[in-house]
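Report on one structure; see the data block that follows.
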Amino acid sequence: MIAAWGVRALTALGWCAVLVGVFGVVLRFLDVHNQRLLVLASAAPYLMAAAAVGVLVLGVTRHWVGFGVALTVAAVATLSQAPLYLANGSAPASGPEVTVMQANIWLGNADPDSLRRQIEDNDVDVVTVNELTPEAVGRLEASGISSVLPYSFLRPGTGGVGTGIWSRYPLSEQIHHEEFLLTALSARITLPDGASAAVYALHPVPPWPVDSAVWAGERTASRRCSTGSPRTRVR
1 MIAAWGVRAL TALGWCAVLV GVFGVVLRFL DVHNQRLLVL ASAAPYLMAA AAVGVLVLGV
61 TRHWVGFGVA LTVAAVATLS QAPLYLANGS APASGPEVTV MQANIWLGNA DPDSLRRQIE
121 DNDVDVVTVN ELTPEAVGRL EASGISSVLP YSFLRPGTGG VGTGIWSRYP LSEQIHHEEF
181 LLTALSARIT LPDGASAAVY ALHPVPPWPV DSAVWAGERT ASRRCSTGSP RTRVR
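Under this note's numbering, the first residue of the sequence shown carries the number 1, and numbering increases by one thereafter.
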């Protein structure tokens, strides 16, 4: 049996959890550019999870009004996050299957042999590489990446600036998208049956520590990019 003061304390805790969950849901739907709010928005899924705590605590205390509110907030939070974990089945793909891999090699320091083995083990057709330095290109070529993926479009750079695309299939329409701070590339791959697909190797900046306006501009630019062909299924 919980003492009266304990019930009140738990009820207050439950309502605080609900308010934190509401704050997380609001952040999820706000188009925020303020840097401090962006930091909080990055934690929105965790803030939303507080609503589940509210459901549990207010259920235990039998505060049914609060329990109903907490359950509603938890449901909205779940619905807002579920699409991030579910495949979009509204437009079933057809045509050949292409396996695409993305690798951030951490300022060019990743183990090139390990990357090549992963490409071979997963039967990768296209790999996009971020933070590609000139030295890393040399190490990757020495590891034999070109024997697996013979076609490439590379723009290496110092630090985290460089980007590259290696492909099993011929590349055309090679474009360097100069509106991005870090190198962003795209190309079209042509498959043996004549089908084709656009591949984008983007490395947009985070909203911190750079100016959040730069991040917002690159987010808009990223949305303009197409990531595939209707005739090609990418996994």
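For glycine and all other residues, C-beta sits at the position ideal for the given N, C-alpha and C. Being a predicted model, the structure only gives us computed values, none of them experimental.
- Excluding sequence positions up to five before and after Val20, its CB lies within less than 6 Å of the CB of Leu47, Ala50, all in the same chain and listed in chain order.
- Residue range 64-81 is occupied by the alpha helix (DSSP H) that includes Thr78.
- Phe29 counts as exposed, since fewer than 16 other beta carbons sit within 10 angstroms of its beta carbon.
- A distance below 7 Å between beta-carbons, with the five flanking residues on each side excluded, links Thr190 to the following residues of its chain, in chain order: Tyr169, Pro170, Ser172, Ser196.
- A distance below 7 Å between beta-carbons, with the five flanking residues on each side excluded, links Trp106 to the following residues of its chain, in chain order: Glu131.
- Residue environment: Leu27 is assigned as buried (16 or more neighbouring CB atoms within 10 Å of its CB, all protein chains considered).
- The C-beta separation of Leu115 from Leu140 comes to about 7 Å, placing the pair in contact by the 8 Å criterion.
- In the structure shown, the three-state DSSP call for Leu185 is strand.
- Pairwise C-beta distances place the stretch 94-111 in contact with the stretch 119-136, as three or more of them are shorter than 8 Å.
- Tyr151 has its alpha-carbon roughly 14 Å from the corresponding atom of Ile119.
- The C-beta distance from Ala201 to Thr163 rounds to 5 Å, short enough to meet the 8 Å contact threshold.
- DSSP places Tyr169 in the coil class of the three-state scheme, outside both helix and strand.
- Under the three-state reduction of DSSP output, Arg155 falls in the strand class.
- Linking Asp121 to Val32 through their CA atoms gives a straight-line distance of about 41 Å.
- In the structure shown, Ile175 adopts extended strand secondary structure according to DSSP, grouped into three states.
- Taking a C-beta distance under 8 Å as the contact criterion, Ser167 and Cys225 do not qualify as a contact pair.
- Gly54 places its beta carbon less than 8 Å from that of Gly14.
- The DSSP-derived three-state label of Gly54 is helix.
- The alpha-carbon of Ala198 is positioned some 27 Å away from that of Ser143.
- Rounded to whole angstroms, the gap between the alpha carbons of Ile165 and Ser146 is 11 Å.
- Close CB contacts of Thr133 within its chain, under the 8 Å cut and outside five residues either way in sequence, are with Leu107, Gly108, Pro156, Gly157, Thr158, Gly159, Gly162 (chain order).
- Assigned with DSSP and collapsed to three states, Thr190 falls in strand.
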